[in-house]
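Number of protein chains: 4
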Amino acid sequence: MEFEENGIGEECGVFGCVAAGEWPTQLEVAQVLTLGLVALQHRGQESAGFVVSNGASPPTYTTHKGMGLVSTACPPEALLKLRSGNLGICHTRYSTTGFSELQNCQPFVVDTLHGKIAVAHNGELVNALALRRKVMRHGVGLSTSSDSELITQLLALTPPMEERDAPNWVARIKNLMSETPTSYSLLVMFKDVIYAVRDPYGNRPLCIGRIVPVSKLHSGEEDTEGWVVSSESCSFQSIGAKYYREVLPGEIVQISKHGVKSLSVVPRPEGDPPAFCIFEYVYFARPDSIFEGQMVYTVRQRCGRQLAIEAPTDADVVSTVPESATPAALGYAQQSGLPYVEVLCKNRYVGRTFIQPNTRLRQLGVAKKFGALTDNFAGKRVVLIDDSIVRGNTISPIIKLLKEAGATEVHIRVASPPIRYPCYMGINIPTKEELIANKPEFQDIAGYIGAASVKYLTVEGLVSAVQEGIASLKEKDEMISTSNTSGKRVGHCTACLTGKYPVELEW
Amino acid sequence: MEFEENGIGEECGVFGCVAAGEWPTQLEVAQVLTLGLVALQHRGQESAGFVVSNGASPPTYTTHKGMGLVSTACPPEALLKLRSGNLGICHTRYSTTGFSELQNCQPFVVDTLHGKIAVAHNGELVNALALRRKVMRHGVGLSTSSDSELITQLLALTPPMEERDAPNWVARIKNLMSETPTSYSLLVMFKDVIYAVRDPYGNRPLCIGRIVPVSKLHSGEEDTEGWVVSSESCSFQSIGAKYYREVLPGEIVQISKHGVKSLSVVPRPEGDPPAFCIFEYVYFARPDSIFEGQMVYTVRQRCGRQLAIEAPTDADVVSTVPESATPAALGYAQQSGLPYVEVLCKNRYVGRTFIQPNTRLRQLGVAKKFGALTDNFAGKRVVLIDDSIVRGNTISPIIKLLKEAGATEVHIRVASPPIRYPCYMGINIPTKEELIANKPEFQDIAGYIGAASVKYLTVEGLVSAVQEGIASLKEKDEMISTSNTSGKRVGHCTACLTGKYPVELEW
Amino acid sequence: MEFEENGIGEECGVFGCVAAGEWPTQLEVAQVLTLGLVALQHRGQESAGFVVSNGASPPTYTTHKGMGLVSTACPPEALLKLRSGNLGICHTRYSTTGFSELQNCQPFVVDTLHGKIAVAHNGELVNALALRRKVMRHGVGLSTSSDSELITQLLALTPPMEERDAPNWVARIKNLMSETPTSYSLLVMFKDVIYAVRDPYGNRPLCIGRIVPVSKLHSGEEDTEGWVVSSESCSFQSIGAKYYREVLPGEIVQISKHGVKSLSVVPRPEGDPPAFCIFEYVYFARPDSIFEGQMVYTVRQRCGRQLAIEAPTDADVVSTVPESATPAALGYAQQSGLPYVEVLCKNRYVGRTFIQPNTRLRQLGVAKKFGALTDNFAGKRVVLIDDSIVRGNTISPIIKLLKEAGATEVHIRVASPPIRYPCYMGINIPTKEELIANKPEFQDIAGYIGAASVKYLTVEGLVSAVQEGIASLKEKDEMISTSNTSGKRVGHCTACLTGKYPVELEW
Amino acid sequence: MEFEENGIGEECGVFGCVAAGEWPTQLEVAQVLTLGLVALQHRGQESAGFVVSNGASPPTYTTHKGMGLVSTACPPEALLKLRSGNLGICHTRYSTTGFSELQNCQPFVVDTLHGKIAVAHNGELVNALALRRKVMRHGVGLSTSSDSELITQLLALTPPMEERDAPNWVARIKNLMSETPTSYSLLVMFKDVIYAVRDPYGNRPLCIGRIVPVSKLHSGEEDTEGWVVSSESCSFQSIGAKYYREVLPGEIVQISKHGVKSLSVVPRPEGDPPAFCIFEYVYFARPDSIFEGQMVYTVRQRCGRQLAIEAPTDADVVSTVPESATPAALGYAQQSGLPYVEVLCKNRYVGRTFIQPNTRLRQLGVAKKFGALTDNFAGKRVVLIDDSIVRGNTISPIIKLLKEAGATEVHIRVASPPIRYPCYMGINIPTKEELIANKPEFQDIAGYIGAASVKYLTVEGLVSAVQEGIASLKEKDEMISTSNTSGKRVGHCTACLTGKYPVELEW
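Residue numbers (UniProt numbering), protein chains in the order written: chain A, 1 to 507; chain B, 1 to 507; chain C, 1 to 507; chain D, 1 to 507.
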């Protein structure tokens, strides 16, 4: 809950689709893109952008971008416009800076000597500034501050000497990957193919799905209507696609009407483990998504169980700050044996009301967002599970609300460790100074927020809760384990918790 | 969940506020109205309307109405405009007919010989057509089809002979009440007072709150900053007000800067019990609201327990169709001893996407709205609790989704009885023919929707779950029990379930 | 030009259409209404409203209202919605008070015992306040401050004793006319007929046209596709209709699919002349409209000629403040023999720019609106014709502009007399104090505005320029001359110039 | 009039401003830019864009772009945002292709090694395609199809070897000019200066003004508050600036807070005359603008006189298709001695009404746009002056309207020669096949459009009407005549009339 309140968030979601077989097919690519992107809406609500190609020679590209949720950004006339697509990519964006303009929306399309390419990505290039200087030194003017434009110009820039008549996109993408180690999950559309790329550290997620006829969705038959690629597998359910596999760290996958083909896996430096963002499990991803073979909900529930082991509480009931902390709260309840009850009722219609805050309203604060379900906890000691405490200023009024409504004690248990360090790989985190874990008040955090006690999950506890499930999957899923031979197979980025970044930061 | 999907819904929420003490006070009435209405947003999302009065002689009224949610309908300039108010009423409306225009929005304001009156109400006059004819026979043209205008003209119309210099609003309101028995909870604002009125059967809810300084919100001290009146008490929490009491069936309460005064209680016909809408408990109200001394959440939980007694299931896990059925599901789990798990993950960003449905999309249906939390139920027998099944066409794809994701059996338990009859008192229900309970398919409802079994709560079970809590409160709350002397003190309208309407329908 | 700048303006335009012959016909009534209203747009730009009826028993009425110009207020979906109409009325409104809300938009529709009636009118009831009190004393609440609602309720209110099964609308309209002498041109739609009514003084214009097949538009043949009624005949050209005749002062005309029928002519009090607003000629009407048998442009040109006779100038060139004063300027040039040149170039894109005025901008003032066509007048003495000077603050910067660009002298000649009195009959005029003619500065108006000399047309000159053309038409047009037998046949309201109002003002 | 109807139009207007003296000054640059651009609105109504710089080291640039007229595109909050500017450029765009997106709006801003540059231009590069290929061959991806981005990337691309620490923008601009001969009038803003550039052929206009205190606007004193540069001098009047001089063909002028400095004049190839677009005189420019020392209105009037000499008519009255042909009509009237009258009244409120055309409406066509001022021409022979006939389908219904309203003969005289060839230099002209002058019907154009006779001005007549005024100015204005030594001093592009393009078209 803290994340949401504090403007911490994922920067983006990407999604792509290619109709299988001879074009045009029955599959309405624009519809698939729209539904797929709606299922990634939790990864970004600021803007939505679509580019489709008819796949012809030369191809016709059609673009639509709009501000706001997919449903707002993509009105009927836009969908109509996009119907010509036999393949396409799309993108939903989270506002990281408050500065949001349509021209910063992805996908980014540029015309090159070989025709147009379209690029959408999730992540943040750790060496973006150095790369910008390099590109500009070559004489290229950059019209936005977005990494997407930078990536696109880097792809366009590769000296043409190594190419004859046609562009060698794989070589260009490899070249790009050699320039920047992380963090990006990338979709590059050129004419009739989509290249799906994950950085060598696998910091951001990306997975592939297969569209089958709805009637055969759950049979084992092999009809394929199209291929989709997405930041998260939750979007496959929405469109009736089957989960196929993850794109591997460092892998370049080509998706065309003929199918899916792995072109290359760029290795990490010797000895480096992968660095998949652990907060995808903790907070960002939708609970029904699958990463590394395990469902996110289950990982969160394990975090709750682990938390109950690490930080047991003498209390009467366990509850959740709805809705994101619920799996952890149920896990805590199961492990601890304490009964699970609901204590807060969320007003789902609270939006931006244009009320100028006065003292009264500031004091009320969270009250317009949550109602107290008094009967469930009055006279009781409550363990309240939250998924994170970032700034520490949103949990405090909730505790006050519960105590005033009759809770005798409110114990806070946080299903993730304290965030202490900035992220340079695509997550928007408050400045170091704003993080409660770096403030003097953290010494007496319980007193500061008015709780009877506060305990966080340990880093080790979190990592084990995450990796335990992967371990148990190793035997089943040989595809993953054999493909990336450099360094360890399992590893997660915990930089915001530990300050240990997966690559050296050179700026 | 069914309710929401099928366009069943409450018609309205009303809210009013009067600043206490000498005007102007510190209390910003326009802000209180806005926040109060946001907390009633679940009762209507089509439009929002506000009327404030400065309370002077003659008073200045300021009106603002807008389409959509409060946050949309009430932009900053509207709030600014309304700042002059020392008292005011507001209203949020649910679209009952699909026909929605700004001019049908409440509150309705008319100029009369004595000055302007403003009226907002929740409910539906059972004899509206007869009353319209009566008013028009008097030579009045009606410019809308709304009951609010009708009520307002009826209030204006009372022959002036019984009044001298000033209007006798209580007499006029009593006269109105003698013309129409139910259903209405009514706010009438005239100059510097608000009259809060509930019909003699108490069919729609209405309660009063007291605004105290935030710092003293939970102390016993008696500073009063203002008075509020609302369809539901959940809006009091939002604004830092304390629950004061319900308006009684048939009661006319005057709210002014001097306080709250009960002016009269109009009795029901001899022997008639009250008829508070039982579906306020089952579905409409926010779970943290209080009716008849009991919290709605608790009643829903009792319904779940009662259902477990009436309809036990041989299964592995109990779950909910989020979010409205969760209290009942937790109640069922507690009573049955089966573990509670989550099986569905809701995409809260699914809105109106402008996708023209094709076969594929129709088949996918609910998939874009819910994701399956597979790990929690694969290989298991699931009892899925829903709060209602109205048309029977939304639960079916959910069952399919769960079975395809690995549930071995899906048993449906419904925490309310089947709806079989239309409501004429303000609830929007499909036609008799559309209700699944009236269709031949209902004979084999389990087969029809693809469930292993389907069982509904009985009417008796529902009534006892509702009234059990009231009974236990009788001793504490003498105010309610003594005030309405005609007929029985406890009684609920179950017309949509039983066809027994609280009054004779004369059209 | 002054009028426009100073917020002086007509309050409304009304338009109606009935398809002739058996319904449905080929004629698209909604289109005719829209085009007809666009041609009346100069009479009001604040809002547009439409009501159509299918004419059945009982009829279905469809309403659409919107803010802004017809093109904004009437989007495609509105036109679609209105296609069901076989007859309809519409209205465009000028903001008289700055207070504008959709609910004040006409036409006003109310439901009565006999069914719905719709009313649109142009004008202002001189005794509106007394009538409001009367209506409210009867027990009717009025929901707006508009005369339209008042008229509609008065029509509804007529005691039903004089009617049996069906309403007697003519009696009701006559009754209304007996209650209020002026000022109104009125369209009342009931089921399948439109009643077109002009007040006994004929203060506001209203005329009838006949829609013929486009191919026969200028032949003498008699096919009739429909009937239209409009504030001004300029709207007939737009839709391919032929001018048929004016509605006479006091006349009630019934328009149905069977044709046009004069039902009654309500007389004025003995001796009272008609009082058609003379400013319709001077400023409000479109120059191609026809009143009393003469084209407005020609009257304005005659005013210019008369002005040249009354106020000759020793100068080199004659010019206009574009565009409304051009006919008068050409008339002045013809009469005086001085050459006509253009001296000002209008920037037709100047709209509302959101620039906060600072000193520089205030000083520049009119410069953003007009450019000087220097070559045409540098070194010359200019006679500049304006149609009116109301407040005197807009002509001043124009004179400055011309002098700075090289005019040696600028003489102002105004083609109408000074306005000195308020209008209570539907024209929005600044307060008496704001009118330049009532200020001390008027003694030396030339010095005040920086002109070499300023002269106005006399009241006698204006009246003779207007009536000269009517006189010459008398023989041709016997229909008009014989129909209204009470009092003189020709007469114009000059109240704003002379203070002589056509009726006694009793409030 | 034909131009407007047929989508022929200028592509753009550019405007820039630099505050003089020590920053910040009293001059509000954002306001000056807005007002300046409003005065260029006739050159483009599709979008408006603004970029301001605070001029610091490093500078902060602020950008605002919006669709529609300046008044729509630039709301109050945008103006507020732009207030930080001490200098700035802006641009208004005409939709040439129907394809209009915000991202194509100018000015175009890119980040380079040396900092950001902003570019706005008017015109079209004749060799754009070749230049695009060249840029892309260098590895630059182009994200739009606009020439502005191309120009910007060309400026960024110049090999950095010739520069040391700071960019040599003059060298880069010269380099750009050596790559592309025409057509462009260009504003380049870098940090604290604006470079104003006109292509060597001077195809598009550009001139400089000086802002003086309003009180001294027409004195000879020399206080300078700022400098402005604009496509047309009409924008100087709007903001109270004095006309300073034209930018010469091929000239690079630097405008800074220190004043205006001519940096270089790039010559044309030996023997090539300048090629200022003659249609700026005929149609595009506002009549109060000054080109080559003469007022556009006067040139148009001379065209009318010349037309009267070349094509006299035996008729009764001369008139105009309002409003653009009026100067020519007055010129024709003066030369011919025939009286000038108005025959058409324009409905200035005709906008986009969403009426689906049916037969009736198509037949009526122009009627909703123009009313006939019948009295002025009934029974007379009319000479109607138009400024151009492009496709021939809009004049035809006007002739029909006049004849039906009583004109005995309608003779068309066109104040420019027939357009026969496409323009590749920034003017949007229908395809060759669509031009009436290239159709068989042109042989009997009078019969085709229903006129008694049709005559066009000759090319020689047009050129002499344009150049006659320049000749007479030669002695006065030595600045112009001495500056550009290569080739003839006077010359105009008549390519669309003659097919003789100023440069060879190499694609």
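Yeah, the Cβ is synthetic: ideal placement off N, Cα and C, and Gly gets one too.
| Item | Value |
| --- | --- |
| For the region 34-61 of chain A, which residues have a CB atom closer than 8 Å to at least one CB atom of chain D, in sequence order? | none |
| Please say whether Leu125 (chain C) and Val135 (chain C) have beta carbons closer to each other than 8 Å? | no |
| Could you check whether the Cβ of Ser178 (chain D) sits closer than 8 Å to any Cβ belonging to chain A? | no |
| Kindly indicate if chain D contains any beta-carbon less than 8 Å away from that of Ser111 (chain A). | In the sequence as presented, Ser is not what sits at residue 111 (chain A); that position holds Asp. Taking Cβ atoms only, chain D reaches closer than 8 Å to Asp111 (chain A), which makes this a yes. |
| At which residues does the beta strand (DSSP E) containing Lys65 (chain A) begin and terminate? | 61-67 |
| Starting from the beta carbon of Leu373 (chain A), find every residue of chain B whose beta carbon is closer than 8 Å, and list them in chain order. | Pro287, Asp288, Met295, Tyr297 |
| Determine, using beta carbons only, whether Tyr349 (chain C) comes closer than 8 Å to chain D. | yes |
| Straight-line CA distance for Thr72 (chain D) to Asp147 (chain B)? | 41 Å |
| For chain D, check one thing: does any of its Cβ atoms lie closer than 8 Å to the Cβ of Gly139 (chain A)? | yes |
| Taking the beta strand (DSSP E) that Arg381 (chain A) belongs to, which residues open and close that run? | 381-386 |
| Residues in the same chain with beta-carbon distance under 6 Å from Gly331 (chain A), minus the five sequence neighbours each way, listed in chain order, please. | Gln301, Gly304, Arg305 |
| In the region 457-468 of chain A, which residues sit with their C-beta less than 9 Å from some C-beta in chain D, listed in chain order? | none |
| Tell me whether Lys65 (chain B) is buried or exposed, calling it buried when 16 or more other Cβ atoms sit within 10 Å of its Cβ. | buried |
| Considering just the uninterrupted stretch of the alpha helix (DSSP H) at Glu149 (chain D), what are its terminal residues? | 147-157 |
| Under a Cβ-count criterion, where at least 16 other Cβ atoms within 10 Å of its own Cβ denotes burial, should Gln153 (chain B) be classed as buried or exposed? | buried |
| Would you mind giving the Cβ-Cβ distance between Arg185 (chain C) and Ser231 (chain C), rounded to the nearest angstrom? I have them listed as a contact below 8 Å. | What sits at residue 185 (chain C) in the sequence shown is Ser, not Arg. About 7 Å; that satisfies the 8 Å criterion. |
| Run down chain D in chain order and give the residues with a C-beta less than 7 Å from the C-beta of Lys81 (chain C). | Near Lys81 (chain C) there are no residues of chain D at all, since even the closest Cβ is about 12 Å away, more than 7 Å. |
| Can you tell me which of the three DSSP states Tyr421 (chain D) falls into? | coil |
| Between Glu342 (chain A) and chain B, is there a C-beta pair that is closer than 8 Å? | yes |
| Let me see if you follow: with CB-CB separation under 8 Å, is Leu69 (chain B) close to chain E or not? | In the structure shown, chain E cannot be found, because the protein chains are A, B, C and D. |
| What whole-angstrom Cβ distance do Arg198 (chain A) and Pro269 (chain A) have, given they're in contact under 8 Å? | Their Cβ separation, rounded to whole angstroms, is 16 Å, which puts Arg198 (chain A) and Pro269 (chain A) out of contact at 8 Å. |
| Does Thr25 (chain D) get closer than 8 Å to chain C when you measure Cβ to Cβ? | no |
| Less than 7 Å separating the Cβ of Phe442 (chain B) from some heavy atom of the ligand MN? | Looking at this structure, you won't find the ligand MN or any other ligand, since it has none at all. |
| Is Arg245 (chain D) helix, strand or coil when you go by DSSP? | strand |
| By how many angstroms is the C-alpha of Cys345 (chain C) removed from the C-alpha of Ser264 (chain D)? | 36 Å |
| Run through DSSP, which three-state label would Ile389 (chain B) get? | coil |
| For Met189 (chain D), which residues in chain A fall below 8 Å Cβ to Cβ? | Within chain A, no residue comes near Met189 (chain D); the closest Cβ sits about 14 Å away, beyond 8 Å. |
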